[in-house]
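Okay, so here's the structure we're looking at.
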Amino acid sequence: MLNAVELRQSYTACDLFISASNFETLGNTVIEAFCSGTPVAVQPAQGHLEYVKDGVNSWFVDYEDAKEARATLTRIVAGGLDAASLPRVLPELAPLGQRLRTIEFARELDVALVQPALEAGRAMSLGRGACADLLEVATRAACLTACCPIIWWALRVFSRVTYVTSSDPKFQILGELGRAMDDGKGRTTYTFPCLRLLFDSGACQKRSVSMEPADDYDSHFRDAQERALSKWWKDTHEVVLCVVLLGVVWKVATG
1 MLNAVELRQS YTACDLFISA SNFETLGNTV IEAFCSGTPV AVQPAQGHLE YVKDGVNSWF
61 VDYEDAKEAR ATLTRIVAGG LDAASLPRVL PELAPLGQRL RTIEFARELD VALVQPALEA
121 GRAMSLGRGA CADLLEVATR AACLTACCPI IWWALRVFSR VTYVTSSDPK FQILGELGRA
181 MDDGKGRTTY TFPCLRLLFD SGACQKRSVS MEPADDYDSH FRDAQERALS KWWKDTHEVV
241 LCVVLLGVVW KVATG
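Read in the UniProt record's numbering, the sequence shown has 174 at position 174, and its numbers run on one by one without any break.
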C-alpha cells in the first residue's frame, strides 16, 4: 500500500494512466492522475465522463474493441507524452490539474449544493407575508390532496394484483383464531375481495362460538378479536388509516 507521497510519485513517473473500467462512479484514480500532471486514456463511460474531455485534457479509448483500442493508444503515444508535447496536445490538462490541486472542496460544495438548497428552502418557507404564506399552505394542501389518494390507491391495486397473480391465491383458516390446532371447522377463504364477497363473506368471523375458551390467553384474544371486528372498525378503518397517514405526511411536509 502506497502512502500519499509515494502515490503522487508513482503517478508522476507515468507517461499515461490507462483505465479500461466501464463502471466507475466518479473515478478517483483519474482525479489523482490529473493532480499529478499525468494524462489518462479511459473508457468513455459513467464517472469518466465527469472530467475527461477527449483530445482536450485526456483521451477516450473504446477498450471493448481491442483492435480500435490498440490503434488509438498507438496514435496517443505517437503524438507525444513528454513535458514539451503535452501542452500542445492537451491544452487543458495543466490548468485542470492546477485547479484540482488547489480547489477548496468545502467552499465549492457550499456554493454548488448547500446554498442553492438553502435558497430553495427559504423560497418555500412561511413568514414571507400573509398572501405568500396562504398560497404556500394552499399549494402544499393541494399536493397532499392529490398525491396521497393516488399513492394509497396505487398500493391497494398493487396488493390486489399480487393476490390475484400469486401461485396459490387462497389461504386456509385452520380454526379458532389464536389456536395452533386445526379443529376441522375452518374454511378456505379467497384473498381476492370480490370473490370473498360472492362466496364467503363471513369467512373471517369466529368458527365455533359455542366452544369455551381453552385458557386465559384465548379468552383475551377472543375479546380483542370481537372488538377489532366490530361494525365501526370494519366500516371505517381504511378512512381512519388514511386520515392518520395524511396527518403524518402533512407534519413532515410542513416541518
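Where a beta carbon is used, it is the ideal one built from N, C-alpha and C, also for glycine.
Around W250, the same chain offers L144 as residues with beta carbons nearer than 7 Å, after the five sequence neighbours per side are excluded. Membership of A41 in the beta strand (DSSP E) is indicated by the continuous run V40 to V42.
Judged by pairs of C-beta atoms under 8 Å, the region 12-25 touches the region 37-54, as three or more such pairs exist. Non-local C-beta neighbours of C14 in its own chain, meaning closer than 7 Å and more than five positions away in sequence, comprise T38, ordered along the chain. Taking all protein chains in view, the Cβ of I76 is crowded by 16 or more other Cβ atoms within 10 Å, so the residue is classified as buried. Counting C-beta pairs with one atom in each stretch, the region 2-12 and the region 56-70 have fewer than three that are closer than 8 Å, which means they do not touch. Per DSSP, the unbroken alpha helix (DSSP H) holding F34 starts and ends at N28 to C35. Taking 8 Å as the cut-off, the Cβ atoms of L100 and F34 count as close. V30 places its beta carbon 8 Å or farther from that of Y63. If you check the CB distance, L93 and S58 come in under 8 Å. DSSP places I18 inside the beta strand (DSSP E), whose first and last residues are F17 to S19.
Of all alpha-carbon atoms in S159, D110, V111 and T139, the one lying nearest the alpha-carbon of M124 is that of T139. G55 sits away from L26, with the two beta carbons spaced by 8 Å or more. Proximity to F60 across I150, T74 and P44 peaks at P44, based on C-alpha coordinates. Comparing alpha-carbon positions, the option among S159, W152, T72 and E119 lying closest to V240 turns out to be W152. L109 and R160 have their C-alpha atoms roughly 46 Å apart. Counting only residues of its own chain and dropping the five nearest sequence neighbours on each side, S36 has a CB closer than 6 Å to the CB of R8, Y11 and T12. Around the beta-carbon of L2, fewer than 16 other beta-carbon atoms lie within 10 Å, marking it exposed. The C-alpha of R122 is placed about 16 Å away from the C-alpha of V111. The C-alpha of K53 lies about 11 Å from the C-alpha of L96. A direct Cα-to-Cα measurement between F158 and E32 gives close to 48 Å. When DSSP states are grouped into helix, strand and coil, D54 belongs to the strand group.
Distance between L49 and R88, taken at the CA atoms: about 22 Å.
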